[in-house]
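Top line first, the protein sequences correspond to chains D and S.
Going by this note's numbering, the first residue of the first sequence is number 1, and it counts up by one from there.
Going by this note's numbering, the first residue of the second sequence is number 1, and it counts up by one from there.
Ideal placement from N, C-alpha and C gives every residue a C-beta, glycine not left out.
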Amino acid sequence: EAAVTQSPRSKVAVTGGKVTLSCHQTNNHDYMYWYRQDTGHGLRLIHYSYVADSTEKGDIPDGYKASRPSQENFSLILELASLSQTAVYFCASSEYGGALTGQLYFGEGSKLTVL
Amino acid sequence: GDQVEQSPSALSLHEGTDSALRCNFTTTMRSVQWFRQNSRGSLISLFYLASGTKENGRLKSAFDSKERRYSTLHIRDAQLEDSGTYFCAAEAGGGSGNKLIFGTGTLLSVKP
């Protein structure tokens with residue numbers, strides 16, 4: 001049974017619209033992450049969180065907000081979607097992220113197309 | 001900034017053959033992880049290493065324990081289901097905020 005689940009799995013949004021991607025984990029992990037993957041590239045970190053009600057900026061946070069209302073749930077919010085945000089988004093969790101990040105467990109990905 | 005370089009970028013193998021993928025790091029890394037992305041886009045965790053080697057079936061990974069500047073993933077007796085894109089991700093730590101840096105992947109095609 002999948003331990004990190006994302007919704008929606010696919011979404012088409014209009015430029016300027018609001019998009020919320022949701023992630024739920026049953027690993028009981030403290031750390032959760034949002035990455036984006038562009039065609040032919042590796043993953044880049046957008047936001048992460050190590051505790052409920054707190055989020056941290058990753059490497060490419062501009063244009064994105066994150067929300068961690070509980071240990072299990074982590075959302076990525078695009079307030080004003082833009083064409084450049086068309087990508088596949090992955091949520092992940094890990095047990096710890098201090099001295100050593102620990103093994104990442106990924107969700108299935110959410111394909112976002114902004115028109 | 002810190003870089004993770006994967007090689008080769010693409011690789012074609014016949015079933016039953018062996019191969020090795022490599023990740024080089026421009027700085028000392030604390031740990032490395034290997035993932036396989038299948039045709040549906042799912043990312044599957046293969047290995048997490050802070051040092052030494054790990055083996056799982058036909059896959060074996062090693063992390064240079066001395067200078068911590070490279071990691072390898074060996075595939076033995078390649079099968080069709082091994083096809084996919086393989087990513088390594090390394091953790092620099094310290095001033096890098098313990099974030100993972102991903103390589104750009106190796107596209108592996110296993111043919112009959």
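C-beta atoms of residue i and residue j nearer than 7 angstroms
i	j	result
threonine 28 of chain S	arginine 68 of chain S	yes
glycine 84 of chain S	asparagine 24 of chain S	no
threonine 20 of chain D	serine 75 of chain D	yes
glutamate 91 of chain S	serine 45 of chain S	no
glycine 63 of chain D	leucine 45 of chain D	no
lysine 18 of chain D	glutamate 79 of chain D	yes
leucine 115 of chain D	valine 14 of chain D	yes
histidine 74 of chain S	alanine 10 of chain S	no
tyrosine 105 of chain D	valine 4 of chain D	yes
serine 82 of chain D	arginine 68 of chain D	no
Given residue i as reference, the closest of the options once Cα atoms are compared
i	options	result
glutamine 79 of chain S	S:Leu108, S:Gln33, S:Arg30	S:Leu108
glutamate 55 of chain S	S:Thr72, S:Cys88, S:Leu43	S:Thr72
leucine 109 of chain D	D:Tyr50, D:Gly16, D:Ala87, D:Glu72	Contrary to the premise, residue 109 of chain D reads as glycine rather than leucine in this sequence. Ranking D:Tyr50, D:Gly16, D:Ala87, D:Glu72 by Cα distance to glycine 109 of chain D puts D:Ala87 first.
aspartate 64 of chain S	S:Gly52, S:Ile75, S:His74	S:Gly52
leucine 13 of chain S	S:Asp77, S:Phe102, S:Phe35	S:Asp77
serine 84 of chain D	D:Thr5, D:Ser22, D:Gln37	D:Gln37
lysine 99 of chain S	D:Glu79, D:Ser82, D:Met32, D:Ile77	D:Met32
glutamine 3 of chain S	S:Gly103, S:Gly16, S:Lys111	S:Gly103
glutamine 103 of chain D	D:His29, D:Val114, D:Gly40, D:Tyr48	D:His29
glycine 42 of chain D	D:Arg68, D:Val14, D:Phe90	D:Phe90
phenylalanine 47 of chain S	S:Pro112, S:Val110, S:Thr106, S:Phe87	S:Phe87
glycine 107 of chain D	S:Lys111, S:Leu43, S:Ser61	S:Leu43
isoleucine 101 of chain S	S:Phe35, S:Gly16, S:Asp18, S:Pro8	S:Phe35
Below-7 angstroms beta-carbon distance, residue i vs any chain D residue
i	result
leucine 43 of chain S	yes
tyrosine 70 of chain S	no
phenylalanine 25 of chain S	no
serine 96 of chain S	A caution first: serine 96 of chain S carries a pLDDT of 49, below 50, which makes its placement in the model unreliable, though a value can still be read off. So, not an interface residue.
Bridge-paired residues (DSSP) for residue i
i	result
lysine 11 of chain D	D:Leu112
glutamate 5 of chain S	S:Asn24
methionine 32 of chain D	D:Ser49, D:Ser93
isoleucine 60 of chain D	Bridge partners of isoleucine 60 of chain D: none, in fact.
asparagine 73 of chain D	D:His24
lysine 60 of chain S	S:Glu55, S:His74
leucine 46 of chain S	Looking at the DSSP assignment, leucine 46 of chain S forms no beta bridge with any residue, so it has no partner.
Per-residue contacts from residue i into chain D (C-beta, under 7 angstroms)
i	result
glutamine 33 of chain S	Gln103, Leu104
phenylalanine 102 of chain S	Gly42, Leu43
glycine 105 of chain S	Gly42
Chain S within 7 angstroms of residue i, Cβ atoms only
i	result
histidine 41 of chain D	yes
glutamate 95 of chain D	no
glycine 109 of chain D	yes
Where residue i meets chain S, residues with beta-carbon distance less than 8 angstroms
i	result
aspartate 59 of chain D	Lys99
phenylalanine 90 of chain D	Leu43
Under 9 angstroms by beta carbon: chain S residues contacting residue i
i	result
valine 19 of chain D	Simply none; closest approach about 19 angstroms.
Chain-ordered neighbours of residue i on chain D, where CB pairs are closer than 8 angstroms
i	result
phenylalanine 87 of chain S	Gly42, Leu43
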